[in-house]
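Every letter in the sequence shown is one number past the one before it in our numbering, and letter 20, counting from 1, is 64. Idealized CB from N, CA, C, for every residue including glycine. For reference, the structure discussed in these notes is given below.
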Amino acid sequence: MDNDIRVHEELNALLARGGVIGGSSAGATIQGSYLARGDTQTNTVMMGDHEEGLGFLKNVAIDQHLLRRNRHFDLIEIIEARPELLGIGIDEDTAIIVRGDNFEVMGSGYVAIYDANKMIDSGGQYYFLAPGDRFNLVTREGFRPTRNMEPVERVVEREWPKQ
45 MDNDIRVHEE LNALLARGGV IGGSSAGATI QGSYLARGDT QTNTVMMGDH
95 EEGLGFLKNV AIDQHLLRRN RHFDLIEIIE ARPELLGIGI DEDTAIIVRG
145 DNFEVMGSGY VAIYDANKMI DSGGQYYFLA PGDRFNLVTR EGFRPTRNME
195 PVERVVEREW PKQ
């Protein structure tokens with residue numbers, strides 16, 4: 045059996061038992077089903093020669109070092125080409141903790157959400173979640189942790205603008 049496949053199977057089994065896996069930087073990026081910056085020549089190409097991630101987060105593309113490296117527009121290229129994907133941009137010193145269908149933002153920075161079917165009411169192509177904010181991966185809605193789970197932005201269904 046190929047060792048890479050065996051490791052992947054073991055990680056999936058660990059998750060199925062309620063275990064925890066983690067990754068930072070490229071280790072976070074590879075956990076989505078789509079591998080952003082997967083080019084073997086450079087990390088500046090968003091849609092490179094390797095596009096398949098480990099798939100622990102289905103229909104998700106993850107990018108890292110979002111604000112620190114001024115990458116907050118980079119995931120737009122992927123979402124325009126693959127609108128079924130959810131883009132998650134994670135800044136440095138920041139993480140998402142996934143439990144079931146939800147994640148919570150932890151750390152000192154922000155997480156940006158890119159969804160071709162839902163945009164902030166002002167027309168922006170992404171919006172930010174702050175530490176403590178939560179996001180449902182099924183409904184693709186972000187919430188601030190209050191008693192009533194208030195939405196983080198006025199998000200509406202709207203067609204993604206073409207560049």
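Own chain partners of residue i with C-beta closer than 8 Å, once the 5 adjacent residues on each side are dropped
i: residue 71; result: none
i: residue 65; result: 55, 58, 59, 75, 100
i: residue 147; result: 140, 141, 178, 179, 181
Between the CA atoms of residue j and residue i - distance to the nearest angstrom
i: residue 185; j: residue 58; result: 27 Å
i: residue 8; j: residue 69; result: The structure shown does not extend to residue 8, since the chain spans only 45 to 207, so no value can be given for it.
i: residue 107; j: residue 78; result: 10 Å
i: residue 128; j: residue 156; result: 17 Å
i: residue 136; j: residue 203; result: 30 Å
i: residue 111; j: residue 182; result: 26 Å
i: residue 45; j: residue 67; result: Confidence is the limiting factor: at residue 45 the pLDDT is only 44, short of 50, which leaves the residue's position unreliable, though a coordinate-based value still follows. Between residue 45 and residue 67, the C-alpha separation is close to 25 Å.
i: residue 164; j: residue 170; result: 7 Å
i: residue 166; j: residue 98; result: 34 Å
i: residue 115; j: residue 49; result: 31 Å
i: residue 118; j: residue 158; result: 10 Å
i: residue 168; j: residue 175; result: 21 Å
i: residue 154; j: residue 73; result: 16 Å
Residue i - DSSP class collapsed to helix/strand/coil
i: residue 151; result: strand
i: residue 156; result: strand
i: residue 80; result: coil
i: residue 64; result: coil
i: residue 178; result: strand
i: residue 54; result: helix
i: residue 48; result: helix
i: residue 59; result: helix
i: residue 119; result: helix
Per DSSP, cross-strand counterpart(s) of residue i
i: residue 142; result: 147
i: residue 130; result: 104, 159
i: residue 171; result: 157
i: residue 124; result: According to DSSP, which records beta bridges pairwise, residue 124 is partnered with nothing at all.
i: residue 96; result: 78
Chain D within 8 Å of residue i, Cβ atoms only
i: residue 160; result: Structure shown: chain D not included; a single protein chain is present.
Identity of the residue in the options nearest residue i by Cα
i: residue 143; options: 158, 165, 62, 173; result: 62
i: residue 152; options: 159, 164, 173, 165; result: 173
i: residue 208; options: 73, 97, 102; result: The structure shown does not extend to residue 208, since the chain spans only 45 to 207, so no value can be given for it.
i: residue 205; options: 149, 133, 121; result: 121
i: residue 130; options: 149, 187, 105; result: 105
i: residue 134; options: 113, 187, 188; result: 113
Other residues of its chain near residue i: CB distance less than 7 Å, five sequence neighbours each side excluded
i: residue 52; result: 98
Beta-carbon contacts of residue i that lie in its chain and below 6 Å, excluding the five residues immediately before and after
i: residue 124; result: none
Distance cut-off 7 Å: residue i Cβ against heavy atoms of the ligand MN
i: residue 52; result: This structure does not include the ligand MN; it has no bound ligands of any sort.
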